[in-house]
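Participant: The structure's right below; bear with me while I get my questions together.
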Amino acid sequence: MLPSQQEKPTYVLHKVKTRAIIPKVISLMLLSLVFYLGILLNVALLNLKGSQESQIRLFSLLFVILLLVIGIIASINKATKPYRFYRNRITLGKKQILYSNITEIHEKHSIFDSLFKTHALDLGKLTLKHISNEVNIEAYVKQMHSYASRSF
Numbered sequence: 001m002l003p004s005q006q007e008k009p010t011y012v013l014h015k016v017k018t019r020a021i022i023p024k025v026i027s028l029m030l031l032s033l034v035f036y037l038g039i040l041l042n043v044a045l046l047n048l049k050g051s052q053e054s055q056i057r058l059f060s061l062l063f064v065i066l067l068l069v070i071g072i073i074a075s076i077n078k079a080t081k082p083y084r085f086y087r088n089r090i091t092l093g094k095k096q097i098l099y100s101n102i103t104e105i106h107e108k109h110s111i112f113d114s115l116f117k118t119h120a121l122d123l124g125k126l127t128l129k130h131i132s133n134e135v136n137i138e139a140y141v142k143q144m145h146s147y148a149s150r151s152f
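So for the sequence shown, this note's numbering puts the first residue at 1; every next one is plus one.
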């Protein structure tokens with residue numbers, strides 16, 4: 001018996017990695033700093049002995065650094081997942097939307113999008129984020145949506 005072949009995408013769209021990673025890393029660093037300062041404030045209010053206080057500070061710093069590293073790794077993994085376009089659907093990892101289920105198609109721009117020359121494409125149930133302005137994916141999606149609408 002032959003193994004079933006996986007369907008190959010008609011188009012693969014990669015995200016702009018710097019747009020996806022840099023804002024996330026900056027926000028993670030700021031939140032980690034606030035979290036660590038909160039821990040330091042609580043430790044200072046406990047009136048612990050010097051050795052206990054320094055141990056708690058060290059372990060809490062290591063914990064915050066560990067959380068920061070995990071967050072950065074997760075955002076890098078998420079940024080490297082491409083959008084895959086098939087004949088009848090668009091997928092991002094396990095998320096997918098059928099062309100026939102697309103309710104709206106319009107571009108969104110944020111402050112970070114202006115800085116990194118990117119945009120997002122809102123499809124109703126799924127938003128394609130961190131797309132380069134050099135790629136006109138909106139016309140392709142509209143064409144596939146109209147084709148899928150006529151097929152049914």
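Don't be surprised by glycine CBs; every beta carbon is placed ideally from N, CA and C.
Source: prediction; values computed, not measured.
So K108 is in the beta strand (DSSP E); what residue range does that whole segment cover?
Facilitator: Along the sequence shown, read from residue 1 onward, the residue named residue 108 stands at position 108. K108 -> beta strand (DSSP E) spans 106-108.
Participant: Less than 8 Å between the beta carbons of V12 and H130, yes or no?
Facilitator: The sequence position of residue 12 within the sequence shown is 12, counting from 1. The sequence position of residue 130 within the sequence shown is 130, counting from 1. It is not a contact, given that the beta carbons lie outside the stated cut-off.
Participant: Less than 8 Å separating the beta-carbons of Y86 and E7?
Facilitator: Position 86 of the sequence shown holds residue 86. Position 7 of the sequence shown holds residue 7. Taking 8 Å as the Cβ cut-off, Y86 and E7 qualify as a contacting pair.
Participant: Using only alpha-carbon positions, find the residue among M29, T10, F112, S146 that is nearest to N101.
Facilitator: Along the sequence shown, one-based indexing puts residue 101 at 101. Comparing Cα positions, the closest option is S146.
Participant: Can you look up I90 in the DSSP assignment and give me helix, strand or coil?
Facilitator: As a first step, residue 90 must be located in the sequence shown, where it is residue number 90. Here I90 sits in strand by DSSP.
Participant: Any contact of the region 23-43 with the region 135-142, i.e. 3+ C-beta pairs under 8 Å?
Facilitator: No: fewer than three Cβ pairs fall under 8 Å.
Participant: Find the nearest neighbour of K94 within the set K81, E104, I105, judged by alpha-carbon distance.
Facilitator: Translated into positions along the sequence shown, residue 94 becomes position 94. Among K81, E104, I105, the Cα nearest to that of K94 is on K81.
Participant: Please state whether the Cβ-Cβ distance between L121 and E107 is less than 8 Å.
Facilitator: Taking the sequence shown and counting its residues from 1, the one referred to as residue 121 is at position 121. Taking the sequence shown and counting its residues from 1, the one referred to as residue 107 is at position 107. Their beta carbons are under 8 Å apart, which means L121 touches E107 by this criterion.
Participant: If you draw a straight line from the alpha carbon of I22 to that of S132, how long is it in whole angstroms?
Facilitator: Residue numbering aside, residue 22 sits at position 22 when the sequence shown is read from its first letter. Residue numbering aside, residue 132 sits at position 132 when the sequence shown is read from its first letter. Approximately 15 Å, taken between the alpha carbons.
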